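Below: one structure, written as structure tokens.
There are 2 protein chains.
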Amino acid sequence: MNKYKVRFVPLGGIVGVTKNMYLYELYKKMDSNFFNKSKKGNNLDGYSLQDILIVDCGIGFPKEKDLGVDFVIPDVSYLEDKIDKIRAILFTHGHEDHIGALPYVYDTLGNPPVFASKLTAMFLENKFKQEAKRNIFIEIVNFEKEYSFGDFKVRFIRVTHSIPDTTHIFIKTPIGNFYHGSDFKLDLTPPYGPAPDFYQITKAGKEGVMCLLSDCLGSERPGLTLSESVVGETFENEMRKTKGKFIMTTFSSNISRIRQCVEAAIKFNRKVVFLGRSMKESTKLASEIGYLPIPDSLFANEEDLVRLPPNKVCLIVAGSQAQYGSALTKLADKQNPYVKIMPGDKVIFSSDPIPGNENEVYELIEDLVSQGADVFYSDIADQLHSSGHGNQEDLKFLIRFTNPKFFIPIGGTIRHQKQYEVLVDDLGYDKKKVFSLSEGETVWFDGVEARLGEKIETKNIYIDAYGVGDVGNIVLRDRKTISTDGIVFAILIVDKNAMLLTRPKIFSRGFVYEKDEKELYEGAIRLIEKITKPRERKVIDFGKLKRDIINNLEDYFFKIKGRRPMVVVEVISL
Amino acid sequence: MNKYKVRFVPLGGIVGVTKNMYLYELYKKMDSNFFNKSKKGNNLDGYSLQDILIVDCGIGFPKEKDLGVDFVIPDVSYLEDKIDKIRAILFTHGHEDHIGALPYVYDTLGNPPVFASKLTAMFLENKFKQEAKRNIFIEIVNFEKEYSFGDFKVRFIRVTHSIPDTTHIFIKTPIGNFYHGSDFKLDLTPPYGPAPDFYQITKAGKEGVMCLLSDCLGSERPGLTLSESVVGETFENEMRKTKGKFIMTTFSSNISRIRQCVEAAIKFNRKVVFLGRSMKESTKLASEIGYLPIPDSLFANEEDLVRLPPNKVCLIVAGSQAQYGSALTKLADKQNPYVKIMPGDKVIFSSDPIPGNENEVYELIEDLVSQGADVFYSDIADQLHSSGHGNQEDLKFLIRFTNPKFFIPIGGTIRHQKQYEVLVDDLGYDKKKVFSLSEGETVWFDGVEARLGEKIETKNIYIDAYGVGDVGNIVLRDRKTISTDGIVFAILIVDKNAMLLTRPKIFSRGFVYEKDEKELYEGAIRLIEKITKPRERKVIDFGKLKRDIINNLEDYFFKIKGRRPMVVVEVISL
């Protein structure tokens, strides 16, 4: 019997693609004197929890809702009595679904050391400033170094994805090693930064991989994923032919994509203008660390658009998913005061609609076309977008490189997990060695075998959207989809000490008919007031406040109505 | 100035795909006492030749001629005064164009030590028995071992290709390392044997690769090469639907392909019958080392075909290139006494026509169809054949894995070399670091730079075909193609001591009109008699005898007629 055991606990990111947060727990066999003294808490079967390593802490986009508008965070309540065991939080890359939740849970986790690569750290720091109104220290990872976190040893490995500075993490434990292969594709020609560090990946394989955690989102798509750099060529070719404005839209975190568009603009001497809050922010951050160099002479502000000739303009615009209120939607709705769509303009959608968003995206495209723009999107033109996630061959390469004993597909839905099992089988491994987990389902490793462990109870913690203006739209759309339990919104307007400046406002859709349920809502408002009042802490954790309200409201509604509406809380601090 | 220099000398295999033979020459700076004492021979610019390593020694299929019928061997005359420097001959894999010439030149090279992987060694030993009528000792390579050959250090690395036991060779020299990446594809699911040893490949890259020699034959084809194992699935699916005989044709060296067909036959309980000399031979060899296991109960001989029901038969047949006199051609021409094509039979061409062979292959297909067979070939059906050579992505992976300073594309034509340069450029390397060589063009490496060296004069040494019966056919076809200088055949019938049993017979096509040139031919015959007579050695090197005759005849015809016909010599030993 081994002295150690390891338990893998996905607090999120397993099914539903987003909200990534994973725990590696190292347990040590207890001295026989203590054996079985305590069965509860952190002691299990004679093993005692020694070290916890956390990988990623991202927000999630609930499937049934508008992606990119409202979101959820991982439920960290499981960790609340274990924060003294948390040795570090490691981040793989800077996408929202891997970093976005940290400001909401960092205090709850006891502020452990945080490690991330450069751009990831930059995005995290910015997020903290915005969401938690404070600074955070993040250690930039050294790819040459082997870190020790308790009895974990960790190496970061450079890989490629749709955002620079993406890493995999090789986690060594006393009983075997994990290869944490989250979001990646094997891009042999990344437009910026190095190709994946194949030597380090295969070296991990040579040292021995007990379990491979692998991105599985591309497991249905044959072949290798297209290199990010093919998109750059498309930009150049299309820009060359464009007589009016060149307008490109993609995810604002896709710095490589944006940089390729900027480089084409430089080539054709077009001024670069960023539209949309998220786009302006992420490009500013990337510029600051040199990842997005733009000559001053070619940078222009939104207001400058009134005087710039169309053929001297390259707009890079947020809102590729046709999010309500986004810069592109406003442009299509003729709501941008500085610029209009005109014949001769070319709009390039350099991202595919996220499943569920297709209708909105196609409506947006029709709006743009009706105003005379040439619109290119992947249904009609190749090579406008390249997924950041590896297709089947990328995934198979990673398996061959690491040659693991066990597999855990992460970052995909059940459908992707099943297809990943097929790939594993194709490569001659035993499908039974694949653990296709759902959220909270754990796996125990004892150095020889692996088996499903206890399920950790988690729930979705819903967080409000980026801007209050979007709320009406959310409700409207949710009415169609949240058909079983409905949704309840609570708006709080507070001062800096989290004192309510006015009574909370509650409204709902698809839950109960509000006019008939005045008492129910009055009770909910009083509940919020009760929760909000007794706060006297100096640093207000708005995240925790919101979660408290959400938990209490959920219980309250369930007690009275027997239904669990989705509860969304927006705290507006004046 | 470095103490050492290395010169890479391709004696073949650079342009024209086949006839692979490469030299790595290590030169050491001479003591100043000896400096410039000798400018000739093995001393160059104050450097003296110390060690030679030879990689591969294959036959070639001259483009203008029938592939697989007549062939050429590398011209090793450059090495004749350097055999004391040859430390070893290393083989990468068992294809004819990499091993086939050894029996013809081994004596001339001074019988140096030979290293090869298992199947390659098997094929080489067999070749020696057949062609040189003697045994040869071949050391089976150990993939864990680093070999020393003079001041060269060498590791063999497992890769995948269309024949098992294919290797790459990592060659370390005092001034930098070469990665000899001959014929390969990155097959993640090879039907037999391991996937490429990615760790060893990337480790070579980590140790530093001064120059990558890379297969470039697939440099025009996008994507990754299809895995060999997809063809196995096709065999199964097609066999399931076949009511009559299942007939598969491919290259007889493609043991993996053949094994997959055999496995399908086992599954559907069909007796396996091999047709054609080369097919019978290579499958026998592969069976002997366990690479092609066939249960006795499912193996049948050609003669058994008369009594086997068609739906119990799986024929694996040589002649996929429609070679004249091959087993498949005979079958289509109703010349096989034991078996006939009938309606319900299915013929699968699991190989693409080699460029230049298309007409013959299509004629053969029509013959088969007209007799009622269903014929599947890659124009009409996918996944019947997978190239053994890496496509663009395979080639790019190898570049990323090894990250070389210089590049030499090998095993392709000029067109493939140029396309390989494009790939190198795509990956952000300087195209000028690519040396696209033609045969005999050398490259000097001094540890810092690389530059084109002196050109070694080589010529094609033509060897007769596999069987004398084919000769008439060769001539017939060559009349169309050898239009400038024609071709001359010399047939010698000798005893075991190489004594002529009758006067040599000479005939030609496209050279001069024989009836008007009786004297010319009489002179040639006398010349052959002269060369053949004074042999008194115990061991007769027929290869050398043929080359002597070829060289002398070429000179003779040129002196008298001012033209250099291709000279083909067939020695029949009774």
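Protein chains in written order, with the working numbering: chain D, 1 to 574; chain H, 1001 to 1574.
The beta carbon of each residue, even a glycine, is placed where N, CA and C say it ideally should be.
On a predicted model such as this, the values are computed, not experimentally measured, just so you know.
For residue i, decide whether its Cβ has a neighbour in chain H, counting only Cβ atoms nearer than 7 angstroms.
i        : result
Leu275/D : no
Given a cut-off of 7 angstroms on the beta-carbon distance, is the pair residue i and residue j in contact?
i         : j         : result
Phe149/D  : Ile136/D  : no
Ala1327/H : Leu1368/H : no
Ile1054/H : Leu1023/H : yes
Val141/D  : Ser117/D  : yes
Val1568/H : Ile1549/H : no
Thr166/D  : Thr1202/H : no
Thr1189/H : Leu427/D  : yes
Ile1157/H : Gln1200/H : yes
Gly372/D  : Pro310/D  : no
Ala84/D   : Asp541/D  : The residue you asked about is not Ala; residue 84/D is Asp in the sequence shown. Going by C-beta atoms, Asp84/D is not nearer than 7 angstroms to Asp541/D.
Phe1115/H : Leu1090/H : yes
Ser227/D  : Ser253/D  : no
Leu1545/H : Thr1402/H : no
Leu11/D   : Thr458/D  : yes
Gly46/D   : Lys19/D   : no
Val1261/H : Gln1417/H : Looking at the sequence shown, residue 1261/H is not Val but Cys. Not closer than 7 angstroms, so no.
Leu1298/H : Val1339/H : no
Against chain D, with Cβ distances strictly below 7 angstroms, would residue i count as a contact?
i         : result
Leu1395/H : no
Leu1427/H : yes
Considering Cα atoms alone, identify which of the options is closest to residue i.
i         : options                                       : result
Glu1358/H : Pro1343/H, Ser1320/H, Phe1435/H and Asp1394/H : Ser1320/H
Leu423/D  : Ala322/D, Ser351/D, Leu384/D and Leu395/D     : Leu395/D
Arg240/D  : Leu226/D, Ala265/D, Ile255/D and Ser256/D     : Ala265/D
Ser436/D  : Phe445/D, Gly411/D and Gly447/D               : Gly411/D
Ser1278/H : Ala1318/H, Val1262/H and Ala1300/H            : Ala1318/H
Ser182/D  : Asn237/D, Glu233/D, Gly110/D and Gly94/D      : Gly94/D
Ala1322/H : Phe1299/H, Glu1363/H, Tyr1291/H and Asn1336/H : Glu1363/H
Thr1160/H : Ile1175/H, Gly1193/H, Phe1178/H and Gly1176/H : Gly1193/H
Phe1268/H : Thr1249/H, Thr1242/H, Pro1293/H and Glu1288/H : Thr1242/H
Leu1520/H : Arg1563/H, Arg1547/H, Thr1502/H and Ser1214/H : Arg1563/H
Asp1345/H : Pro1353/H, Ala1101/H, Glu1238/H and Glu1421/H : Glu1238/H
Tyr377/D  : His389/D, Glu393/D, Val347/D and Gly232/D     : Val347/D
Phe1170/H : Ser1162/H, Glu1146/H, Asp1151/H and Ile1163/H : Glu1146/H
Ser1214/H : Pro1074/H, Gln1419/H and Arg1307/H            : Gln1419/H
Just the Cα atoms here: how many angstroms apart are residue i and residue j?
i         : j         : result
Lys1405/H : Phe251/D  : 36 angstroms
Pro113/D  : Glu96/D   : 19 angstroms
Lys1185/H : Gly1223/H : 12 angstroms
Tyr1499/H : Tyr1104/H : For clarity, residue 1499/H is Met in the given sequence; the question names Tyr instead. Cα to Cα, Met1499/H sits roughly 19 angstroms from Tyr1104/H.
Val272/D  : Asn1002/H : 51 angstroms
Leu384/D  : Val6/D    : 43 angstroms
Phe558/D  : Asn552/D  : 10 angstroms
Gly658/D  : Asn391/D  : The structure shown has nothing for residue 658/D, since chain D only spans 1 to 574.
Arg1400/H : Asp187/D  : 10 angstroms
Lys533/D  : Arg87/D   : 34 angstroms
Phe1349/H : Val1361/H : 10 angstroms
Glu1527/H : Met1566/H : Contrary to the premise, residue 1527/H reads as Leu rather than Glu in this sequence. Leu1527/H and Met1566/H: Cα-Cα distance of roughly 17 angstroms.
Gly440/D  : Thr329/D  : 37 angstroms
Arg1270/H : Glu1263/H : 10 angstroms
Leu49/D   : Val434/D  : 25 angstroms
Phe1445/H : Arg1451/H : 7 angstroms
Val209/D  : Asp1197/H : 16 angstroms
Short-range partners of chain H found in the region 197 to 227 of chain D, where Cβ spacing is below 7 angstroms: Taking a C-beta cut-off of 7 angstroms against chain H, the contacting residues of the region 197 to 227 of chain D are Phe198, Tyr199, Thr202, Lys203, Gly205, Lys206, Gly223 and Leu224, listed in chain order.
Would you list, in chain order, the members of the region 397 to 409 of chain D that have their beta-carbon closer than 7 angstroms to a beta-carbon of chain H? Result list: Phe397, Arg400 and Phe401.
Could you run through the region 1176 to 1199 of chain H and flag, in chain order, every residue whose CB is less than 7 angstroms away from some CB of chain D? Those residues of the region 1176 to 1199 of chain H that come within reach of chain D (Cβ to Cβ, closer than 7 angstroms) are Leu1188, Thr1189, Ala1195, Phe1198 and Tyr1199.
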